[in-house]
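> Okay, here's the structure, questions in a sec.
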Amino acid sequence: MPIKQATINALKILGLTDYESKAYLSLTSLISATASEISEDSGVPLSRTYDILKSLHKKGFLEITRGKPLIYRVVPPQDVFEKSRMKIKEELDEAESEVINIYESQISKSPAPIWLIYGSDKIVKKEIKIIGRAKSTLHIAAGFMFHEEVEKLNEALNKSLKRGVQIRIIAAPYNITDDEKIDISEDIKKLDCEIKTFQIPFIKAIIRDKKEMLLIFCKFKDGSVISQTAIGVWNQYTEFVETITDLYNLVWTMDLFNMTTDYK
């Protein structure tokens with residue numbers, strides 16, 4: 001049956017050559033066959049077919065049954081594509097992380113390393129990126145959270161804890177976002193780190209390694225945060241971030257927490 005060009009292109013993305021694609025597609029219809037049968041069905045020269053099938057086996061696209069002649073059996077396509085999809089995603093994630101680190105290490109040298117980020121989704125993504133870059137410390141103040149944000153941050157923070165990052169969190173017990181209650185401290189206390197509960201104002205901050213910080217603000221009405229008004233201020237002025245970190249640690253030791261719950 002005719003094969004769409006998009007399918008051929010997809011197989012190239014998976015790392016197959018033209019001949020490998022032809023041989024693989026032939027085997028998906030034959031299911032099990034000898035090299036000569038695959039050569040005849042695919043149009044790939046027999047002199048090249050053995051090496052191509054050996055390469056497809058190495059890449060995980062087929063299995064070989066020993067005998068005379070050798071029998072080649074296609075691996076179920078769903079297994080091949082799922083494995084390849086995971087590998088491609090891992091490679092893309094690794095590449096993205098490396099390129100972002102290069103970009104952000106250089107962008108901080110620009111004349112004004114302060115940027116505004118609009119929208120709760122983009123802000124949460126930036127929070128997770130910052131947490132993922134932490135090497136030694138994270139200081140977080142959470143006066144409010146967006147819906148489903150706590151779960152996403154917990155996952156990122158757990159990864160940082162496994163890397164040995166020291167984390168301190170000052171969190172409000174709860175807040176109202178878009179007229180729905182979010183139990184901040186109840187969910188965050190699942191983390192194995194230093195956490196203090198205090199009804200801080202409607203502001204949020206994440207500070208990494210005394211090198212960068214993200215401040216998040218929202219408008220609120222009748223005690224409820226309006227998430228669509230969210231603005232993040234991403235700051236990489238090292239001197240400023242160091243000062244805010246020192247202030248955070250000073251507040252951490254103050255008596256205002258004596259009447260609040262302290263989790264650790």
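Residue 232 in full-length UniProt numbering sits at position 232 of the sequence shown, with consecutive numbering throughout.
A virtual CB, placed ideally from N, CA and C, is assigned to each residue, including glycine.
(1) With DSSP collapsed to three states, give me the class of D262.
(2) Report yes or no: do the stretch 140 to 149 and the stretch 171 to 183 share at least 3 C-beta pairs separated by less than 8 Å?
(3) Quick one: Cα of E155 to Cα of F217, how far?
(4) Using a 10 Å radius around the Cβ and a threshold of 16 neighbouring Cβ atoms, would you call K12 buried or exposed?
(5) Name the residue from S136, A141 and K4 whose alpha carbon lies nearest to the alpha carbon of V165.
(6) If you draw a straight line from the C-alpha of K4 to the C-alpha of S160, how long is it?
(7) Kindly provide the ranges of any alpha helix (DSSP H) runs that are 4 or more residues long and lie completely inside the UniProt domain "Transcription regulator TrmB N-terminal" (11 to 77), ordered along the chain.
(8) Give me the DSSP bridge partner(s) of M213.
(9) Taking the alpha helix (DSSP H) that L161 belongs to, which residues open and close that run?
(10) Measure the Cβ-Cβ separation of T245 and K219 and say whether it is below 9 Å.
(11) Between the C-alpha atoms of L14 and T177, what's the straight-line distance to the nearest angstrom?
(12) Between the Cα of D187 and those of N158, T238, Y237 and S84, spot the shortest distance and give me the residue it belongs to.
(13) Using beta-carbon positions only, say whether V44 and S55 come within less than 9 Å of one another.
(14) Measure the beta-carbon distance from M213 to V241 and round it to whole angstroms, keeping in mind my assumption that it falls under 8 Å.
(15) If distances are taken between C-alpha atoms only, which option among G132, I114 and Q199 comes closest to L215?
(16) Given a cut-off of 9 Å on the beta-carbon distance, is the pair I71 and S29 in contact?
(17) Would you mind stating whether L138 and R208 have Cβ atoms separated by less than 9 Å?
(18) Which of the three DSSP states is assigned to Y174 in this structure?
(19) Looking only at its own chain, which residues have a Cβ that is under 7 Å from the Cβ of F152, when we skip the five neighbours before and after it?
Result, derived from the coordinates:
(1) If you number the sequence shown from 1, residue 262 lands on position 262. Reliability of the predicted coordinates at D262 is poor, the pLDDT of 43 falling under 50, and no value is obtained from them.
(2) yes
(3) By one-based count along the sequence shown, residue 155 stands at place 155. By one-based count along the sequence shown, residue 217 stands at place 217. Between E155 and F217, the C-alpha separation is close to 23 Å.
(4) Within the sequence shown, numbered from 1, the residue matching residue 12 stands at position 12. Per the 10 Å Cβ criterion, exposed.
(5) As a working mapping, residue 165 is identified with position 165 in the sequence shown. V165 has its Cα closest to that of S136, out of S136, A141 and K4.
(6) Position 4 of the sequence shown, counting from 1, holds the residue named residue 4. Position 160 of the sequence shown, counting from 1, holds the residue named residue 160. Approximately 44 Å, taken between the alpha carbons.
(7) 18 to 30, 35 to 42 and 46 to 58
(8) For the purposes of this step, residue 213 is taken as residue 213 along the sequence shown, with counting starting at 1. DSSP output for M213 lists I207 and N235 as bridge partner(s).
(9) Taking the sequence shown and counting its residues from 1, one reaches residue 161 at position 161. Unbroken alpha helix (DSSP H) run through L161: E149 to K162.
(10) For the purposes of this step, residue 245 is taken as the residue at position 245 of the sequence shown. For the purposes of this step, residue 219 is taken as the residue at position 219 of the sequence shown. Going by C-beta atoms, T245 is not nearer than 9 Å to K219.
(11) Residue 14 sits at position 14 when you count from the first residue of the sequence shown. Residue 177 sits at position 177 when you count from the first residue of the sequence shown. Each residue's alpha carbon lies about 44 Å from the other.
(12) Start at 1 with the first residue of the sequence shown, and residue 187 comes out as number 187. Minimum Cα distance to D187 is reached at N158.
(13) Counting from one through the sequence shown, the residue named residue 44 turns up at place 44. Counting from one through the sequence shown, the residue named residue 55 turns up at place 55. No, Cβ-Cβ distance for V44 and S55 is not below 9 Å.
(14) Stepping through the sequence shown from its first residue, residue 213 is reached at position 213. Stepping through the sequence shown from its first residue, residue 241 is reached at position 241. Confirmed, about 5 Å.
(15) For the purposes of this step, residue 215 is identified with residue 215 of the sequence shown, where counting begins at 1. Considering only alpha carbons, the answer is I114.
(16) Reading the sequence shown from its first residue, position 71 is the one you call residue 71. Reading the sequence shown from its first residue, position 29 is the one you call residue 29. In this structure, S29 does not lie closer than 9 Å to I71 by Cβ.
(17) Sequence index remark: in the sequence shown, residue 138 carries index 138 (1-based). Sequence index remark: in the sequence shown, residue 208 carries index 208 (1-based). Yes, the pair counts as a contact, with Cβ atoms nearer than the cut-off.
(18) Residue 174 sits at position 174 when you count from the first residue of the sequence shown. Coil at Y174, not helix or strand.
(19) Indexing the sequence shown from 1 puts residue 152 at position 152. In the sequence under discussion, the amino acid at residue 152 is Lys, which differs from the Phe named in the question. Only V124 and I128 meet the Cβ criterion.
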